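Take a look at the structure below.
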Amino acid sequence: MGGAGSDSSAEHSDYRAKLSQIRQIYHTELEKYEQACNEFTTHVMNLLREQSRTRPISPKEIERMVAIIHRKFSSIQMQLKQSTCEAVMILRSRFLDARRKRRNFNKQATEILNEYFYSHLSNPYPSEEAKEELAKKCSITVSQVSNWFGNKRIRYKKNIGKFQEEANMYAARTAVNATNASAQGSQANSPSTPNSAGSAGSFNMSNSGDLFMSVQSLNGDSYQGAQVGANVQSQVDTLRHVISQTGGYSDGLAASQMYSPQGINANGGWQDAATPSSVTSPTEGPGSVHSDTSN
DNA sequence: CTGCATGATTGTAG
DNA sequence: CTACAATCATGCAG
1 MGGAGSDSSA EHSDYRAKLS QIRQIYHTEL EKYEQACNEF TTHVMNLLRE
51 QSRTRPISPK EIERMVAIIH RKFSSIQMQL KQSTCEAVMI LRSRFLDARR
101 KRRNFNKQAT EILNEYFYSH LSNPYPSEEA KEELAKKCSI TVSQVSNWFG
151 NKRIRYKKNI GKFQEEANMY AARTAVNATN ASAQGSQANS PSTPNSAGSA
201 GSFNMSNSGD LFMSVQSLNG DSYQGAQVGA NVQSQVDTLR HVISQTGGYS
251 DGLAASQMYS PQGINANGGW QDAATPSSVT SPTEGPGSVH SDTSN
């Protein structure tokens, strides 16, 4: 097995060091066994020669003895080889399994991913291009983005209540951005900083009331997404989220009950319910709010 | 040390 | 192949 690895990363060199250590142990053990085999053979030969003085011993018998000894030792060597192979396999799986060197993403990457997830909550399936862009922004690979969304979807669905705080936070933040963008238009200078997490109350109530109607109609299935672009759809998502919180504020339990379905139970799940009329919009729709906060 | 959060892998179904 | 579900193995706060 002459694997020609010309990689010079630190982990790989460690791996190779351990591999050569195993190989060295194997060779020394093998040598030891061979030596022992020879010693034992000569010992037996001497014994037989001594016995040949008192009784006749045919050379065939000697040959057979030697063969038996060699067979025994060779089986021991096979065992050694097998256990060495096992050790190498364990080493390989230890080093090649990426789970063992898992590192959490940095905070900014998680923020970007969460932002996308919660602003596309009704259809959290980023396209290949969107994945690539997210990957670039977060300095991770596209596969990692896919993994992240896979994990996020399943874990969000499994326990929505646990993610509610986080969901509110991101939804409020994007909602504030959206309203700022749509209400003020080109006036992109607002003194209020939208970075405080739990301050969903700073959201303008008159706007909420206005938008609550559209959200109601959206929940009531009379809404047709055919005419809205994907960007509007995402804004509606976040706004619906915030509004469900503010609207259900009258009693404590209503909030979680109101928010929890989100089309998952009602519509039967993300996969089937979404894509109103397949508005994938590779080209930007009219008046797209391109709030690109590149770092 | 223990329990939970989290990224990655494995197995299964469409 | 992708999405999902279960599971593994690690990171980290308590």
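full-length UniProt numbering puts the first sequence at residues 1 to 295. We put the beta carbon where it would ideally sit given N, CA and C, even for glycine. What you are looking at is a predicted structure, and each value in this text was computed from that prediction instead of being measured.
Measure the C-alpha to C-alpha separation of residue i and residue j and round it to an integer number of angstroms.
i	j	result
K18	I90	11 Å
S52	S74	28 Å
Y170	E115	6 Å
E86	E61	38 Å
E129	K136	11 Å
I160	T179	26 Å
A67	H12	44 Å
Y118	E132	18 Å
P59	M78	29 Å
residue 352	K101	The shown model of the chain, from 1 to 295, leaves out residue 352, and the question about it has no answer.
F177	Q21	Looking at the sequence provided, one finds Asn at residue 177 rather than Phe. N177 and Q21: Cα-Cα distance of roughly 58 Å.
R92	E29	21 Å
E34	K107	58 Å
Y156	D14	38 Å
P56	R94	59 Å
Q271	L96	33 Å
T84	Q24	10 Å
Q164	A172	12 Å
R16	S127	39 Å
R71	E50	24 Å
E63	Q82	29 Å
S32	C138	In the sequence on display, residue 32 carries Lys and not Ser. Going from the Cα of K32 to the Cα of C138 covers about 55 Å.
R103	K158	24 Å
V44	I76	19 Å
S143	K162	26 Å
E39	L48	14 Å
G150	L121	13 Å
T54	M65	19 Å
Less than 7 Å between C-beta atoms, sequence neighbours within five positions excluded: which residues of the same chain meet that for residue i?
i	result
I140	F105, A109
W148	L113
L134	I112, L113, Y116, P126, V145
A188	With a pLDDT of only 44 at A188, under the threshold of 50, the placement of this residue in the model should not be trusted; the figure read from the coordinates follows. Closer than 7 Å at the Cβ level, and outside the excluded window around A188, lies no residue.
Please look up how many angstroms separate the CB atoms of residue i and residue j, rounded, as I've assumed it's under 8 Å.
i	j	result
L80	Y125	At roughly 53 Å, the Cβ-Cβ gap does not stay under 8 Å, so L80 and Y125 are not in contact.
I69	T41	6 Å
Which same chain residues, not among the five before or five after residue i, have their C-beta less than 6 Å away from its C-beta?
i	result
K152	F117
C37	F73
A167	Y118
Give every residue of the same chain whose Cβ lies closer than 8 Å to the Cβ of residue i, excluding the five residues on either side of it in the sequence, and list them in chain order.
i	result
V88	L19, I22
N46	none
I154	none
### Query
Which parts of the UniProt domain "Homeobox" (96 to 159) are runs of the alpha helix (DSSP H), unbroken and 4 residues or longer, counting only runs that do not cross its ends?
107 to 119, 128 to 138, 142 to 158
### Task
Would you mind listing the alpha helix (DSSP H) stretches within the stretch 16 to 44 that are 4+ residues and don't spill past its ends, in chain order?
none
### Within the stretch 47 to 75, ranges of the alpha helix (DSSP H) (whole runs, at least 4 residues)
none
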